[in-house]
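K.L.:
In full-length UniProt numbering, the protein residues as written are 1 to 133.
Structure (structure tokens):
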């Protein structure tokens, strides 16, 4: 003789298996936007690192131009071509001429958050280099 409780448990188990149908699709749909946001932030971080490298390179080039005595005109032209939207500050420290560059992040969400990139480079001034015997 079979127990009626056993039949009910088997029926509930079978019904429960059908009820879970499609749950993986719903979970995937809930997780997918979060994964895309994380991926976008990672790609944005790579873009910001590339911008920082370009700014550091441009700071070295601008410092060399200023140290040669070319003036701010050619330096600003080079800066506009290499890193548009970058602010240039020139300073002299002893026998060195330094260029300090700053610009907001090119990745919009980081720029909205206020991320500002900066780079600084110094070069020996040409008037100091020629004075040495």
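Glycine is no exception: its CB is placed at the ideal position from the N, C-alpha and C atoms. Quantities reported herein were computed from a predicted structural model and do not represent experimental measurements.
Indicate whether the contact test is met: 3 or more Cβ pairs, each with one atom in the stretch 73-88 and one in the stretch 46-57, closer than 8 Å.
P.N.:
These segments touch.
K.L.:
With a 10 Å radius around its C-beta and 16 neighbouring C-beta atoms as the bar for buried, classify residue 38 as buried or exposed.
P.N.:
Result: exposed.
K.L.:
Using a threshold of 8 Å, state whether the C-beta atoms of residue 123 and residue 102 are closer than that.
P.N.:
No, these two residues do not count as a Cβ contact at 8 Å.
K.L.:
Classify residue 92: buried if its beta carbon has 16 or more other beta carbons within 10 angstroms, exposed otherwise.
P.N.:
Result: exposed.
K.L.:
Whole angstroms are fine: how far does the CA of residue 127 sit from the CA of residue 63?
P.N.:
Each residue's Cα considered, the two are about 14 Å apart.
K.L.:
Per DSSP, which residues does residue 98 bridge with? Please list them.
P.N.:
DSSP, once it has assigned bridges, lists 91, 122 as partnering residue 98.
K.L.:
Tell whether a beta-carbon distance below 8 Å holds between residue 100 and residue 111.
P.N.:
In this structure, residue 111 does not lie closer than 8 Å to residue 100 by Cβ.
K.L.:
Under three-state DSSP, which class holds residue 83?
P.N.:
Residue 83 falls in the coil class under three-state DSSP.
K.L.:
Mark residue 23 as exposed unless 16 or more other C-beta atoms lie within 10 angstroms of its C-beta, in which case mark it buried.
P.N.:
Looking at its Cβ environment, which holds fewer than 16 other Cβ atoms inside 10 Å, residue 23 is exposed.
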